[in-house]
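Numbering of the sequence shown is given in my numbering, commencing with residue 34 and proceeding in unit increments.
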Amino acid sequence: MAPVLPGSDGRLLQHRSFVAFWLARTSSSFGFQMLSIIVGWQIYSQTQSAFWLGMIGLVQFIPSLTLALPAGHIADQFDRRRVVLLAQVLEWLAIAALAWLTWQGDASVWVILSLIFVISCAKTIESPSMVSMLPALVPLSILPRATAANAVSGQAAQIVGPALGGFLYAAGADVVYSVTAGLYLVSLLLVMTLRYEQAQPPRAPATLSSLFAGVGFIRNRPDVLGVISLDLFAVLLGGATALLPIFAHDVLHTGPFGLGLLRSAPAVGALLVGFWLSHRALTRNVGMIMFMCVAGFGVATLVFAFSSWMWLSLLALFALGGFDMVSMVIRGSLVQLDTPDEMRGRVNAVNSIFINTSNQLGEFESGMLAAWLGAVPAAAIGGVGTLIVVALWMKWFPGLRHRQRLESEMG
Numbered sequence: 034m035a036p037v038l039p040g041s042d043g044r045l046l047q048h049r050s051f052v053a054f055w056l057a058r059t060s061s062s063f064g065f066q067m068l069s070i071i072v073g074w075q076i077y078s079q080t081q082s083a084f085w086l087g088m089i090g091l092v093q094f095i096p097s098l099t100l101a102l103p104a105g106h107i108a109d110q111f112d113r114r115r116v117v118l119l120a121q122v123l124e125w126l127a128i129a130a131l132a133w134l135t136w137q138g139d140a141s142v143w144v145i146l147s148l149i150f151v152i153s154c155a156k157t158i159e160s161p162s163m164v165s166m167l168p169a170l171v172p173l174s175i176l177p178r179a180t181a182a183n184a185v186s187g188q189a190a191q192i193v194g195p196a197l198g199g200f201l202y203a204a205g206a207d208v209v210y211s212v213t214a215g216l217y218l219v220s221l222l223l224v225m226t227l228r229y230e231q232a233q234p235p236r237a238p239a240t241l242s243s244l245f246a247g248v249g250f251i252r253n254r255p256d257v258l259g260v261i262s263l264d265l266f267a268v269l270l271g272g273a274t275a276l277l278p279i280f281a282h283d284v285l286h287t288g289p290f291g292l293g294l295l296r297s298a299p300a301v302g303a304l305l306v307g308f309w310l311s312h313r314a315l316t317r318n319v320g321m322i323m324f325m326c327v328a329g330f331g332v333a334t335l336v337f338a339f340s341s342w343m344w345l346s347l348l349a350l351f352a353l354g355g356f357d358m359v360s361m362v363i364r365g366s367l368v369q370l371d372t373p374d375e376m377r378g379r380v381n382a383v384n385s386i387f388i389n390t391s392n393q394l395g396e397f398e399s400g401m402l403a404a405w406l407g408a409v410p411a412a413a414i415g416g417v418g419t420l421i422v423v424a425l426w427m428k429w430f431p432g433l434r435h436r437q438r439l440e441s442e443m444g
């Protein structure tokens, strides 16, 4: 059955490579969300330690920081489809190893973290090529709708994937890893079928200056720099989701399935807001809308930190995801369409540094702070820190604060 895409009148579905791309992203996203929920639960079950939960973020942060710029350069120098294929093969092998070692009873904390490090390296290499490949699969006139459809599928995976992973955990972590490996295999096979519809530009010679061209591109656009740096620090400080295994186990007294529901709640909020934004353009007060939504993200983090009721915690995480989606849509609109194709990989690589490092370093920071002060104070400090960052960025980026529209100010 063909995917039902938001706002689609059938034109997107006429592009077979986009449909294959959409299904591949959905399949691998489902697998990655299942992987994320089980790794956290498995490590916390073995260690009962916030420190080791933070280490999950650290082993993902290191590749994101060190490999992102080379990955963007690779995306602009080589066939992006082949780069994605090679990276996903490596991810699939590491996930299969996790399934086998868990089944054998040999999956120690260090083994799990080492394989997550391998997966993170491959995913960092894959990401700029995968994102930059999308404009070649559809006409540019429908690229915004293709981007929205892609974002919605990712949010759907974040909703169902954690809950499904938590449910399957009853059969064993090895079962969840095996299902995840199967989903990655499906993604691999679909990526192999992709064919470009748009002609690819000639590749510029590789130089040291071209490696850092994406950095210069963003640095010369204050509004873009303000948007993505705000997102980085807000998520860095508001990384309460890294502490969900602790809140589920020690505060809310629920099991793996409850943890899956908690992990899914932000994606439910993000998905609903994403559908709304796909049918209603942001046409006024874009800057203030973004700042208020990031502030809402901080308030929702505070509510979650002090909640001892499952329903209130789910509601706070739901709101957190909805507020975060607004920032994601604004950032994506500014970056993707405003970047020439020949350097899209490098710009998307820099953007991914902001996105991935904020999530992963935020997990590490939250884990370390929770190990020192406890989970509730750590999450509360993150919420307060997010509100402080919003106030500072409104002062430091006045042009972004006064920005009215997205489309008219792209140039």
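Ideal placement from N, C-alpha and C gives every residue a C-beta, glycine not left out.
Margin query: Would G73 and P278 be called neighbours here (beta carbons separated by less than 8 Å)?
Written below: Working through the sequence shown from its first residue, we reach residue 73 at position 40. Working through the sequence shown from its first residue, we reach residue 278 at position 245. Yes, the Cβ-Cβ distance between G73 and P278 is below 8 Å.
Check: Would W426 be called buried (16 or more neighbouring beta carbons within 10 Å of its own) or exposed?
Finding: Reading the sequence shown from its first residue, position 393 is the one you call residue 426. Burial check for W426: the Cβ neighbour count within 10 Å reaches 16 or more, so the residue is buried.
Item checked: Beta-carbon proximity of A499 to L146, cut-off 8 Å -> As displayed, the chain neither begins before 34 nor continues past 444, which places residue 499 out of reach and without an answer.
Margin query: Would A411 and S399 be called neighbours here (beta carbons separated by less than 8 Å)?
Written below: Position 378 of the sequence shown, counted from the start, is the residue given in the question as residue 411. Position 366 of the sequence shown, counted from the start, is the residue given in the question as residue 399. In contact: A411 and S399 (Cβ atoms closer than 8 Å).
Item checked: Helix, strand or coil at V268 [DSSP, three-state] -> Start at 1 with the first residue of the sequence shown, and residue 268 comes out as number 235. V268: helix per DSSP, three-state reduction.
Next item on the list: Using only alpha-carbon positions, find the residue among G418, F65, A403 and A424 that is nearest to S211.
Entry: Working through the sequence shown from its first residue, we reach residue 211 at position 178. Looking at the Cα atoms, F65 is the closest of the given residues.
Next item on the list: Count the C-beta pairs between the region 259-268 and the region 197-205 that are closer than 8 Å, then say yes if the count reaches three, no if not.
Entry: No, the region 259-268 is not in contact with the region 197-205.
Notebook entry, point to check: Counting Cβ pairs, one atom from each stretch, are 3 or more of them under 8 Å apart for the region 414-423 and the region 327-344?
Noted result: Flag = yes, the region 414-423 and the region 327-344 touch.
Next item on the list: Using a threshold of 8 Å, state whether the C-beta atoms of S297 and Q191 are closer than that.
Entry: Along the sequence shown, read from residue 1 onward, the residue named residue 297 stands at position 264. Along the sequence shown, read from residue 1 onward, the residue named residue 191 stands at position 158. By the CB criterion at 8 Å, S297 and Q191 fall inside the cutoff.
Item checked: Span of the alpha helix (DSSP H) around Q47 -> Within the sequence shown, the letter at position 14 stands for residue 47. Segment: none, Q47 is in no alpha helix (DSSP H) and carries neither H nor E.
Margin query: Rounded to whole angstroms, what is the Cα-Cα separation between L68 and G198?
Written below: Against the sequence shown, residue 68 aligns to sequence position 35. Against the sequence shown, residue 198 aligns to sequence position 165. So the alpha carbons of these two residues sit roughly 7 Å apart.
Notebook entry, point to check: Can you name, in chain order, every residue of its own chain whose Cβ lies under 8 Å from the Cβ of S60, other than the five neighbours on each side?
Noted result: As a working mapping, residue 60 is identified with position 27 in the sequence shown. The residues are L216, Y217, V219, S220 and L223.
Next item on the list: Answer yes or no: do A300 and F84 have a C-beta to C-beta separation smaller than 8 Å?
Entry: Position 267 of the sequence shown, counted from the start, is the residue given in the question as residue 300. Position 51 of the sequence shown, counted from the start, is the residue given in the question as residue 84. Taking C-beta atoms as the reference points, A300 and F84 fail to come closer than 8 Å.
Next item on the list: Would you decide whether T135 is buried or exposed? Buried here means 16 or more other CB atoms lie within 10 Å of its CB.
Entry: Translated into the one-based positions of the sequence shown, residue 135 becomes position 102. Residue environment analysis places T135 among the buried positions, since at least 16 neighbouring C-beta atoms fall within 10 angstroms of its C-beta.
Next item on the list: Would you be able to state if there are at least three C-beta pairs under 8 Å between the region 100-113 and the region 160-174?
Entry: Because the criterion of three Cβ pairs below 8 Å is met, the region 160-174 and the region 100-113 touch.
Check: With a CB to CB cut of under 6 Å and the five nearest residues on each side skipped, what residues in its chain are close to A155?
Finding: By 1-based counting over the sequence shown, the position of residue 155 is 122. Excluding the 5 residues flanking it on each side, A155 has same chain C-beta neighbours closer than 6 Å at A120, L123 and E124, in chain order.
Notebook entry, point to check: By DSSP, does R296 sit in helix, in strand, or in coil?
Noted result: Residue mapping note: residue 296 aligns to position 263 of the sequence shown, counting from 1. In the structure shown, R296 sits in a helix (DSSP, three-state: H, G or I).
Notebook entry, point to check: Between the Cα of F200 and the Cα atoms of F54, I71, M361 and L402, which residue gives the shortest distance?
Noted result: As a position in the sequence shown, residue 200 is number 167, starting the count at 1. For F200, the nearest C-alpha among the options comes from I71.
Item checked: CA nearest to the CA of F54, picked from A303, A179 and V142 -> Within the sequence shown, the letter at position 21 stands for residue 54. For the residues A303, A179 and V142, the minimum Cα distance to F54 belongs to A179.
Check: Near S360, what residues of its chain come up, given a Cβ to Cβ distance below 7 Å and the 5 sequence neighbours on each side ignored?
Finding: Your numbering for residue 360 matches position 327 in the sequence shown. So the qualifying residues of the chain are D264, M323, C326 and V327.
Checklist line | Cut-off 6 Å between Cβ atoms - residues of its own chain near S50, not counting five sequence neighbours on either side | finding: Reading the sequence shown from its first residue, position 17 is the one you call residue 50. Contacts found: L170, L227 and R228.
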